[in-house]
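S.K.: Structure provided below as structure tokens; questions to follow.
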Amino acid sequence: MIAPNFSVRHQGDHCLSLDFGDSILVETGLICLAAAEKIRQAQLAGVTDVVPSYTSVAVHYQPHAQTGLPNFHTLSVDLAKFIQSGLTPAARTARNIEIPVCYGGRHGPDLSDVAKITGLTEQQVIQMHCAPGSMVFMLGFAPGHPYIGIHEPLFALPRREVPRTVVPAGSVAIANRQSTIYPTRLPGGWHILGATPLKLFDLARPQPTLLLPGDQIRFIPITPEEFDHLATVDNQVPK
Amino acid sequence: MSLMILKPGMLSTFQDLGRFGQQHLGVSVAGAMDLRAHQLANLLVGNDAGLATLEITLTGPTIRFTKPCCLALCGADLSATLNGQPLALNRPLIVRAQDELSFGVRQHGTRVYLAVHGGFALTPVLGSTSTYLRSAMGGWQGRALRRDDEIALLHPLKNKGLEELAMDLWALKIYLPAPIAESHHAFVRLVKSQQWGEFTPESCAALLTVPYRISPDSERMGYRLEGAPLLMTAPRQMISEGTTFGTIQVPAGGQPIVLMADRQTTGGYPKMAYVASVDLPILAQMGPGDRVSFKAISLEQAQALDATRAKAFATLAQALQPVRTLLLNH
């Protein structure tokens, strides 16, 4: 059990946030996930959503019509008690998920640019991107859209100066030492290294998102032929 | 079928209180922009506040009813008519088979909510019937209404005794408690964020004294405001985190964006303030070109105002028991 330091702040009159740090670190991310899990399991009256992110957990709530509770004060007190009673580190429950990625070519239009900027060969960029140790910190921006990190400092690339108005579904892209995978056609300013044939969000599945915060991620390079094959078969359920 | 869409209007989508419990998966809450008008419309036809209403934007649809039902319209005044006759807002009304509901000139407001007794036959997606257009999720086939759509009602009324029911409903006196009545004050109250002090004194003063204009590309996701730029004393990168309905975020250019119903679940822009929930309906009824002024209140005041309105809704639901009795006994 761990009892991390944290502070509480309001985010308007229907949400409060617990802050566990101020920089993007795997340890901080895991604490946020553990806190979010504990709060979710507590099923506190009025709490509707528990949203972990890199360094904080947002707790959304709706006060009861008659009592006006919870409010910021009562919920802060209750949550502090839960966190101080100790958290089970989140890493123990993590899933290991392999994401097949076809790098470069028509799937990865920015691979050569990234190689140029980092001074690596395209093959070295792929190898570094496929290194183990990446984790899903959070989902946000769009349904099932993951923020995966934290990559080598060499991948601390700012976003593209001119964002693309359309990025195809499945595109795997990097910026600021993180990866994302676009669940659907979306606008985006990250550097596209490749694409996965996996579906990131599907309402037909019992768990509609492919990934969950805390998942350990390993990218696996595949050929364009393997991509086309995987895209046509039922490949959606992670092991 | 009970509702035929003869003309869809500019943007007509089904919305409920929102799709909660899914934000950690990146799924937006959506829901009614004006939750006050949405809830009121539902209560007036004897529904729970959680049923979907049709959110109608600026240019209303033309709808033919193929079965009788009880409806209410709340929110914007878009000159609603039934078979050409003006229709009252904020009242339960009876429509008969073949009646046509249409809308005309915008008198005030941006969004009007149509509730029908018993609700519309919609399939919930992830626990909600709200339409989230960006993901084509929920509501009616995940999209805004189109011409020739036909939507069923869950509890249409019987023809027998309809005239009597209409007269009984019309005879009911309905008083809206003050915390529920539409607010016409021209300012919107906000609560300062923890980052407020990181903005320049000029920026803080501007947000609370100078009106901001709502830009043309404001919609269900967010309102872009135009006015005096809001700048941080020492600009810095923020780490992405959960966002809320009414967050006033400030991208690098200094022109603020108020996050609305279809907001993304997370965001990384500096946040200057949060609109008090009780005043979000005022903002939701404003449209492009309108000017909004802000006034700061404390978090405690915002929560007290919100609680007062919630209590007033609970009281109104009690007071409307005769409506539910009349409709249930029909």
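Residue numbers (the numbering used here), protein chains in the order written: chain X, 13 to 251; chain E, 5 to 334. Quick reminder that beta carbons are idealized off the backbone N, C-alpha and C, glycines included. None of these values were measured; they are calculated from a predicted model.
Are the region 228–248 of chain E and the region 55–68 of chain X touching by the rule of at least three beta carbon pairs closer than 8 Å?
M.R.: A contact exists between the region 228–248 of chain E and the region 55–68 of chain X.
S.K.: What are the start and end residues of each continuous beta strand (DSSP E) run of 3 or more residues lying completely inside the region 25–111 of chain E, in chain order?
M.R.: Those beta strand (DSSP E) runs which fall completely within the region 25–111 of chain E and span 3+ residues are 57–61, 66–69, 73–81, 97–99, 104–106.
S.K.: Contact check, Ala80(E) vs Arg115(E) under 8 Å by CB: the rounded distance?
M.R.: At roughly 5 Å, the Cβ-Cβ gap stays under 8 Å, so Ala80(E) and Arg115(E) are in contact.
S.K.: To the nearest angstrom, how far is it from the Cα of Thr70(E) to the Cα of Thr329(E)?
M.R.: Going by the C-alpha atoms only, they are around 24 Å apart.
S.K.: Can you give me, in chain order, the residues of the region 298–319 of chain E that have a beta carbon less than 7 Å from any beta carbon in chain X?
M.R.: If the cut-off is 7 Å between Cβ atoms, the region 298–319 of chain E has Leu303, Ala306, Gln307, Asp310, Ala311, Ala314, Lys315, Phe317, Ala318 near chain X.
S.K.: Can at least three beta-carbon pairs, one atom from the region 107–126 of chain X and one from the region 198–209 of chain X, be found at a separation below 8 Å?
M.R.: Touching, yes.
S.K.: Could you tell me if Ser281(E) is buried or exposed, where buried requires 16 or more neighbouring beta carbons within 10 angstroms of its beta carbon?
M.R.: Under this definition Ser281(E) is a buried residue.
S.K.: Please list, in chain order, the residues of the region 15–26 of chain E that have any C-beta partner in chain X closer than 8 Å.
M.R.: Hits within the stretch, in order: Phe24, Gly25, Gln26.
S.K.: Taking Leu234(E) as the reference, give the member of Met5(E), Pro181(E), Ala256(E) with the closest Cα.
M.R.: The candidate whose alpha carbon is nearest that of Leu234(E) is Ala256(E).
S.K.: Taking the CB atoms as reference points, tell me whether Met37(E) and Ala314(E) lie closer together than 8 Å.
M.R.: For Met37(E) and Ala314(E), no; Cβs fall outside 8 Å.
S.K.: Can you find at least 3 beta carbon pairs, one from the region 136–144 of chain X and one from the region 159–174 of chain X, that sit closer than 8 Å?
M.R.: Yes: the two stretches touch, three or more of their Cβ pairs being nearer than 8 Å.
S.K.: What would DSSP say about Leu229(E), mapped onto helix, strand or coil?
M.R.: Of the three classes helix, strand and coil, the one that applies to Leu229(E) here is strand, per DSSP.
S.K.: I'd like to know if Tyr227(E) contacts chain X, where contact means its C-beta is closer than 8 Å to some C-beta of that chain.
M.R.: It does not: the Cβ of Tyr227(E) has no partner Cβ on chain X nearer than 8 Å.
S.K.: So what does DSSP say about Pro250(X), is it helix, strand or coil?
M.R.: In this prediction, Pro250(X) scores a pLDDT of 49, lower than 50, which makes its location untrustworthy; the coordinate-derived value is nonetheless stated afterwards. Of the three classes helix, strand and coil, the one that applies to Pro250(X) here is coil, per DSSP.
S.K.: Closer than 9 Å, Cβ to Cβ, to anything on chain X: give me those residues from the region 233–264 of chain E, in chain order.
M.R.: Those would be Gln241, Ile243, Ser244, Glu245, Gly246, Thr247, Thr248, Phe249, Gly250, Thr251, in chain order.
S.K.: Hey, out of Ile162(X), Leu56(X), Leu132(X), Leu151(X), whose CA is closest to Pro144(X)'s CA?
M.R.: When each option's Cα is compared against that of Pro144(X), the closest is Ile162(X).
S.K.: When you compare only the Cα positions, how much space is there between Leu126(E) and Lys164(E)?
M.R.: Whole-angstrom Cα-Cα distance: 27 Å.
S.K.: How many Å lie between Gln219(X) and Gln26(E) at the Cα?
M.R.: Approximately 11 Å, taken between the alpha carbons.
S.K.: Given a cut-off of 8 Å, decide if Thr270(E) and Met150(X) are closer than it, judged by their beta-carbon atoms.
M.R.: For Met150(X) and Thr270(E), yes; Cβs fall inside 8 Å.
S.K.: According to DSSP, which residues form a beta bridge with Tyr66(X)?
M.R.: Answer is none; Tyr66(X) lacks a bridge partner.
S.K.: If we count the other Cβ atoms within 10 Å of its Cβ and call it buried at 16 or more, is Thr17(E) buried or exposed?
M.R.: By the 10 Å Cβ count, Thr17(E) comes out buried.
S.K.: Cβ atoms of Leu222(X) and Leu210(X): under 8 Å apart, would you say?
M.R.: For Leu210(X) and Leu222(X), yes; Cβs fall inside 8 Å.
S.K.: Specify, as a first and last residue, the run of the beta strand (DSSP E) that Ile14(X) falls within.
M.R.: Element bounds for Ile14(X): n/a, residue is neither H nor E.
S.K.: When you compare only the Cα positions, how much space is there between Met14(E) and Pro292(E)?
M.R.: For Met14(E) and Pro292(E), the distance between alpha carbons rounds to 15 Å.
S.K.: Please name the residue in Gly131(X), Pro158(X), Gly152(X) whose C-alpha comes closest to that of Ile293(X).
M.R.: There is no way to answer for residue 293(X), as the model of chain X reaches only from 13 to 251.
S.K.: Which residues bound the alpha helix (DSSP H) around Gly41(X)?
M.R.: Element bounds for Gly41(X): 38–54.
S.K.: Below 8 Å between beta carbons: does that hold for Gly122(E) and His159(E)?
M.R.: Yes; because the gap between Cβ atoms is below 8 Å, this pair is in contact.
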